[in-house]
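Novice: Heads up: the sequence shown runs through residues 18 to 172, numbered per the numbering used here.
Note that CB positions come from ideal geometry on N, CA and C, so glycine has one too.
Here it is, the structure, as structure tokens.
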Amino acid sequence: MRFSDLISHETIDLNLRSKIKETVIKNLVKKASDAHNLQASSIIKAVLDRERALPTGVGQGVAVPHATLESLDKPIIGFGRTKAGINFDSIDGAPVHLIFLLITPGGDVPLHLKVLSRISRLCQQPALRDDLLSATSSQQILDALKAAEHSFRDL
């Protein structure tokens, strides 16, 4: 399984408008939930609870809000971008422009950690961050992610 296999056009939002972290998370969860026929309310609660416990702004303009869901059989990735930037209480204090939403099956901690690690490693690539910031379509996002992970092993 590849990281790029877990994200789809339907779970990408290139025009997040809110500057409020909770609203952005709700919007991304709703988009992912709709794409996968899931109940958004329980996922929103889980992601927001996790975010309140420990903010997920990982630095360099990237945040990875995440949670687990017992009824899930494979991970779901959502992606959102905001031009204005959002305060995600990032470790470097910088505003966040790129948000990866991660929802993984409950009970599969190793998989959850592998996907989090993959997102982190991918986002350490300045060229990928630039590509994600400048993309004008969800297809360009998917292509950039696929190209960036070509040298990585399967999850």
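Sort K47, V64, L65 by Cα distance to A57 and report the nearest one.
Specialist: Nearest of K47, V64, L65 to A57, Cα basis: K47.
Novice: Taking the beta strand (DSSP E) that P92 belongs to, which residues open and close that run?
Specialist: Run containing P92: none; DSSP gives neither H nor E here.
Novice: Closest to G76 by C-alpha separation, out of P127, H114, L130, would be which residue?
Specialist: That would be H114, whose Cα lies nearest to the Cα of G76.
Novice: By Cβ distance below 8 Å, which residues in the same chain neighbour D66 in space, the five residues on each side in sequence not counted?
Specialist: Only A84 meet the Cβ criterion.
Novice: Helix, strand or coil for P122 per DSSP?
Specialist: If DSSP states are grouped into helix, strand and coil, P122 belongs with the strands.
Novice: With distances taken between CB atoms, is the gap from I136 to F20 smaller than 9 Å?
Specialist: Yes, these two residues count as a Cβ contact at 9 Å.
Novice: On the CB-based measure, 16 or more other CB atoms within 10 Å of its CB, does V64 come out buried or exposed?
Specialist: The residue is buried, with at least 16 neighbouring Cβ atoms inside 10 Å.
Novice: When DSSP builds the beta bridges, which residues end up paired with A84?
Specialist: The partner list for A84 (beta bridge, DSSP) reads I120.
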